[in-house]
Amino acid sequence: MSKKMKSHEQDDVQKNSKKRKFAGCSGSNINKKMKSHEQDDVQKNQELPMDVDTYTPELPDLVVNQILLLLPTKLAVRASTLSRQWQRLWSSLPVLNFDEDLQLCNSRYGTDRAMFRKYLLSCLKRRKKNQEEHDLDTFRLSMRYSGGASMIDKWLSFAVERNVKELEIILIRKYGDRSKHYFLPQTILNAQSLTTLRLNNVKLKDNPMPISLPSLKNMVLKNMDLGNVGFVHLISGCPSLEDLSLTSCGLRFCKVLSSSLKSLQIARCRKVRIEVGAVNLESFRFWGDSYTEMYMHSSLNIASCRSLRHLEFFDTCFGGRWFQDDLSSRFPLLESLVLNKCSNFWSDTIHINNQTLKRLAFCGRNGFTVKVNINTPNLAAFEFNTGNLPSHQLNVLFSNFSLNAPNLLKADVKFNLEDRSGKEENIFEDIDFPALINFLRHFDSSGSLSLTLNEAEALIFPEERRNTCSPPLPSLRHLWVAVDPLKKVKDDVSSKKVKDDVSSKKVKDDVLSLRDSLQWMAPRGYINMLMEEDKTVKSY
1 MSKKMKSHEQ DDVQKNSKKR KFAGCSGSNI NKKMKSHEQD DVQKNQELPM DVDTYTPELP
61 DLVVNQILLL LPTKLAVRAS TLSRQWQRLW SSLPVLNFDE DLQLCNSRYG TDRAMFRKYL
121 LSCLKRRKKN QEEHDLDTFR LSMRYSGGAS MIDKWLSFAV ERNVKELEII LIRKYGDRSK
181 HYFLPQTILN AQSLTTLRLN NVKLKDNPMP ISLPSLKNMV LKNMDLGNVG FVHLISGCPS
241 LEDLSLTSCG LRFCKVLSSS LKSLQIARCR KVRIEVGAVN LESFRFWGDS YTEMYMHSSL
301 NIASCRSLRH LEFFDTCFGG RWFQDDLSSR FPLLESLVLN KCSNFWSDTI HINNQTLKRL
361 AFCGRNGFTV KVNINTPNLA AFEFNTGNLP SHQLNVLFSN FSLNAPNLLK ADVKFNLEDR
421 SGKEENIFED IDFPALINFL RHFDSSGSLS LTLNEAEALI FPEERRNTCS PPLPSLRHLW
481 VAVDPLKKVK DDVSSKKVKD DVSSKKVKDD VLSLRDSLQW MAPRGYINML MEEDKTVKSY
């Protein structure tokens, strides 16, 4: 009996020692096993096994197809393992979007480019195994690039072979990377099915190579190194091109000759000379910068584009007689003109004379400009934004502003005084109120006028002025005013308790004074006043 008890005790001791051993090593072993399982899951996701479960209940093909289209490509691939139906429908999806950063953003193993390439190759391999050939609507590739052009060529050939319609290539290079750039292959330059092409950080060979893109209608080029010869041949090989956009492209001479082009946008292309011969061009937009601003006075030729309806310029310095001649004679169909931070290099005057113009925007701090003369009898909408100006420059602009627009329906005027924090000057001594009154008179015939400014005092006309001058807006029906009545109080008072005590009476006085001034300005108008401090609208 005693022997049996001893044997049982020994067995218990051995079992407990095994448990203790297991418990002692369980933490590290479990972590290792969990990591190995996670690695196995990653490998399985990258390998994309063909074996799928068959227990998933079938949904209508149309529903599954819509679900897969809404998912990113990686999630759609994972979802395709649910059943043979999902696998079959994924293999026929018309959209493939491969983004290296998107694939690796949640990876705890760091940026593994080999993993992304393996994943992409596995996806294309599955598509190739599909017995039925399905065309692609969209193929997008965004990845870091430091070589491997032949591999990318194969991926793009896969898309072209499936009659891709929309192609986007974004290659990200490290700063200072001296590896060879990726040159666009001939397969893309002769893709008959392409309707949209977007390229970022790709190079085009500067030689007269054969290019045939008969279906291409939209082309967007960013950060491209474009040779003059190669670019001309590219445009000539796109007989159906309607929309062209160039951003930060290395191009000294941008010559665009196209009878089909309707919209052209050029942004931040430094020291570029532009010559456009497009008889059907309807929209032209140009964004300059500090490097291109001083070159536009002799580097822009769009005289042959007489079908233009929309012109837009940012950070552009003009010269010669760009705004001295009648714009109607050069652009007889022009309806919209936007000038943002533009100036006339040879003159302090911008003169706009056009009989067909319906919308005009004159925005931003416009460099050397002192005088603005506008003669647009059919203008319907006008935007005028001075930016932040010191009071003496604002007074000069008010004094030298002329507008003839008898059919104006809506005017949006914004003028802000430069920050006067710490200055003791009285705003009533800074503002030339007679000049401001004459400036406002130009908008009396407008159906609606919106005024936005940063200091309420700029619209509070002194009582002696109101008694001696006639109202500037006697016929205006709708006046919208957005001001910050607490700006001066907020600048002068830092303590919250003092602000609460002082500002209450100050704001009430400002609001009452502003209301009286606005009612004098537009005696027949319906006045809406937006107080920026509390976002309330007061109507009078």
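Residue numbers (the UniProt record's numbering): 1 to 540.
Beta carbons: idealized from backbone N, C-alpha and C, even for Gly.
Keep in mind it's a predicted model, so treat the numbers as computed, not measured.
Original post:
In terms of residue numbering, what span does the beta strand (DSSP E) encompassing residue 553 cover?
Top reply: Nothing can be reported for residue 553, as the shown portion of the chain is limited to 1 through 540.
Original post:
So what does DSSP say about R268, is it helix, strand or coil?
Top reply: Working through the sequence shown from its first residue, we reach residue 268 at position 268. In the structure shown, R268 sits in coil (DSSP, three-state: anything other than H, G, I, E or B).
Original post:
Quick one: is V64 buried, meaning 16 or more other Cβ sit within 10 Å of its Cβ, or exposed?
Top reply: Locating residue 64 in the sequence shown gives position 64, counting from the first residue. The residue is buried, with at least 16 neighbouring Cβ atoms inside 10 Å.
**OP:** Tell me where the beta strand (DSSP E) around L449 begins and ends.
**Re:** What you label residue 449 is simply residue 449 of the sequence shown in a count that begins at 1. L449 -> beta strand (DSSP E) spans S448 to T452.
Original post:
Would S517 be called buried (16 or more neighbouring beta carbons within 10 Å of its own) or exposed?
Top reply: On the sequence shown, residue 517 is found 517 positions in, with the first residue counted as 1. That one is buried.
Original post:
What's the C-alpha gap between I527 and L337?
Top reply: Taking the sequence shown and counting its residues from 1, the one referred to as residue 527 is at position 527. Taking the sequence shown and counting its residues from 1, the one referred to as residue 337 is at position 337. Computed Cα separation, rounded: 29 Å.
Original post:
Can you name the start and end residues of the beta strand (DSSP E) that V276 belongs to?
Top reply: One-based indexing of the sequence shown puts residue 276 at position 276. Per DSSP, V276 belongs to the beta strand (DSSP E) from R273 to G277.
**OP:** Tell me whether M521 sits in a helix, a strand or coil according to DSSP, three-state version.
**Re:** By one-based count along the sequence shown, residue 521 stands at place 521. It is helical.
Original post:
Where does R285 fall in DSSP's three states?
Top reply: Against the sequence shown, residue 285 aligns to sequence position 285. DSSP places R285 in strand when its eight states are reduced to three.
Subject >> CA nearest to the CA of K341, picked from I172, C317 and L333 >> reply: If you number the sequence shown from 1, residue 341 lands on position 341. It is C317 whose Cα lies nearest to the Cα of K341.
Subject >> Counted within 10 angstroms of its Cβ, other Cβ atoms place V498 as buried (16 or more) or exposed >> reply: By 1-based counting over the sequence shown, the position of residue 498 is 498. Confidence in V498 is poor, its pLDDT being 44 and thus under 50, which makes the residue's placement too unreliable to answer from.
**OP:** Examine the Cβ distances between the stretch 440-453 and the stretch 472-482 and report whether three or more of them are shorter than 8 Å.
**Re:** The stretch 440-453 is in contact with the stretch 472-482.
**OP:** Kindly indicate which residue of P60, P72, E282 and S193 has the alpha-carbon position closest to the one of W86.
**Re:** One-based indexing of the sequence shown puts residue 86 at position 86. With distances taken between CA atoms, W86 lies nearest to P60 out of P60, P72, E282 and S193.
**OP:** Put M209 into one of helix, strand or coil per three-state DSSP.
**Re:** Reading the sequence shown from its first residue, position 209 is the one you call residue 209. In the structure shown, M209 sits in coil (DSSP, three-state: anything other than H, G, I, E or B).
Original post:
Does the beta-carbon distance from A159 to L96 come in below 9 Å?
Top reply: Sequence index remark: in the sequence shown, residue 159 carries index 159 (1-based). Sequence index remark: in the sequence shown, residue 96 carries index 96 (1-based). Contact: yes.
Original post:
Which residues in the same chain have their Cβ closer than 6 Å to the Cβ of A303, if we skip the five residues on either side of it in sequence?
Top reply: By one-based count along the sequence shown, residue 303 stands at place 303. The answer is none, since no qualifying residue turns up.
Original post:
From what residue to what residue does the alpha helix (DSSP H) around R198 run?
Top reply: The residue labelled residue 198 in the question sits at position 198 within the sequence shown. Careful: R198 lies outside any alpha helix (DSSP H), inside the beta strand (DSSP E) at T196 to N200.
Subject >> Integer Cβ distance of V276 from C305, believed to fall under 8 Å >> reply: Here residue 276 refers to the residue found at position 276 of the sequence shown. Here residue 305 refers to the residue found at position 305 of the sequence shown. Yes, they are in contact, since the Cβ atoms of V276 and C305 sit about 6 Å apart, within 8 Å.
Original post:
K21: buried (16+ other C-beta within 10 angstroms of its C-beta) or exposed?
Top reply: For the purposes of this step, residue 21 is taken as residue 21 along the sequence shown, with counting starting at 1. Because the pLDDT at K21 is just 46, under 50, the model does not fix this residue reliably, and the value given afterwards should be weighed accordingly. By the neighbour-count definition (other C-beta atoms within 10 Å, threshold 16), K21 is an exposed residue.
Original post:
Under the rule that 16 or more other beta-carbon atoms within 10 Å means buried, what is E174, buried or exposed?
Top reply: Sequence index remark: in the sequence shown, residue 174 carries index 174 (1-based). Here residue 174 is Lys; the residue named in the question, Glu, does not match the sequence. Result: exposed.
**OP:** Helix, strand or coil for S245, going by three-state DSSP, please let me know.
**Re:** Numbered from 1 along the sequence shown, position 245 holds the residue referred to as residue 245. Three-state result, S245: strand.
Original post:
Do the stretch 371-387 and the stretch 430-437 make contact, defined as three or more Cβ pairs closer than 8 Å?
Top reply: no
**OP:** Leaving out five residues on either side along the sequence, give the residues of the same chain with a beta carbon under 6 Å from the beta carbon of F331.
**Re:** Stepping through the sequence shown from its first residue, residue 331 is reached at position 331. Contacts found: L308.
Subject >> Cross-strand partners of M219 (DSSP beta bridge) >> reply: In the sequence shown, counting from the first residue as 1, residue 219 sits at position 219. The partner list for M219 (beta bridge, DSSP) reads L197 and L244.
Subject >> Coarse secondary structure for I302, derived from DSSP in three states >> reply: Within the sequence shown, residue 302 is the residue found at index 302, counting from 1. Three-state DSSP puts I302 in coil, outside helix and strand.
Subject >> Residue nearest to V164 in terms of C-alpha spacing, selected from A361, L93 and F439 >> reply: Mapped onto the sequence shown, residue 164 falls at position 164. Of the listed residues, the one whose Cα sits closest to V164 is L93.
**OP:** Compare the beta carbon distance of V413 and L451 with 9 Å and say whether it is the shorter of the two.
**Re:** As a position in the sequence shown, residue 413 is number 413, starting the count at 1. As a position in the sequence shown, residue 451 is number 451, starting the count at 1. Contact: yes.
Original post:
DSSP puts N340 in a beta bridge; with which residues?
Top reply: In the sequence shown, the residue the question calls residue 340 occupies position 340. DSSP output for N340 lists F314 and C363 as bridge partner(s).
**OP:** Quick one: residues in its chain with C-beta nearer than 6 Å to the C-beta of H442, no 5 flanking neighbours on either side, listed in chain order?
**Re:** Within the sequence shown, residue 442 is the residue found at index 442, counting from 1. Same-chain partners within the cutoff: L403.
Original post:
Is there contact between the stretch 133-141 and the stretch 184-191, where contact requires at least three CB pairs shorter than 8 Å?
Top reply: No, the stretch 133-141 is not in contact with the stretch 184-191.
Original post:
Are there three or more Cβ pairs, one per stretch, closer than 8 Å when the stretch 242-261 is compared with the stretch 204-211?
Top reply: no
Original post:
Between the C-alpha atoms of N385 and C363, what's the straight-line distance to the nearest angstrom?
Top reply: Counted from its first residue, the sequence shown places residue 385 at position 385. Counted from its first residue, the sequence shown places residue 363 at position 363. Distance between the alpha carbons of N385 and C363 is about 4 Å.
Subject >> CA-to-CA distance, W287 to Q103, given in whole angstroms >> reply: In the sequence shown, the residue the question calls residue 103 occupies position 103. In the sequence shown, the residue the question calls residue 287 occupies position 287. In this predicted model, Q103 has a pLDDT of only 49, less than 50, meaning its place in the structure is not dependable enough to derive any value.
Subject >> Residue range of the unbroken alpha helix (DSSP H) whose run includes D412 >> reply: To locate residue 412, count along the sequence shown from 1; it is residue 412. Where D412 is concerned, there is no enclosing alpha helix (DSSP H), although the beta strand (DSSP E) around it starts and stops at K410 to L417.
Subject >> Cβ neighbour criterion (16 or more within 10 Å) applied to R477 >> reply: The count along the sequence shown starts at 1 and reaches residue 477 at position 477. The residue in question, R477, is exposed, as its Cβ has fewer than 16 Cβ neighbours within 10 Å.
Original post:
How is the alpha helix (DSSP H) around I437 delimited, first residue to last?
Top reply: Counting from 1 along the sequence shown, the entry for residue 437 is found at position 437. I437 -> alpha helix (DSSP H) spans F433 to R441.
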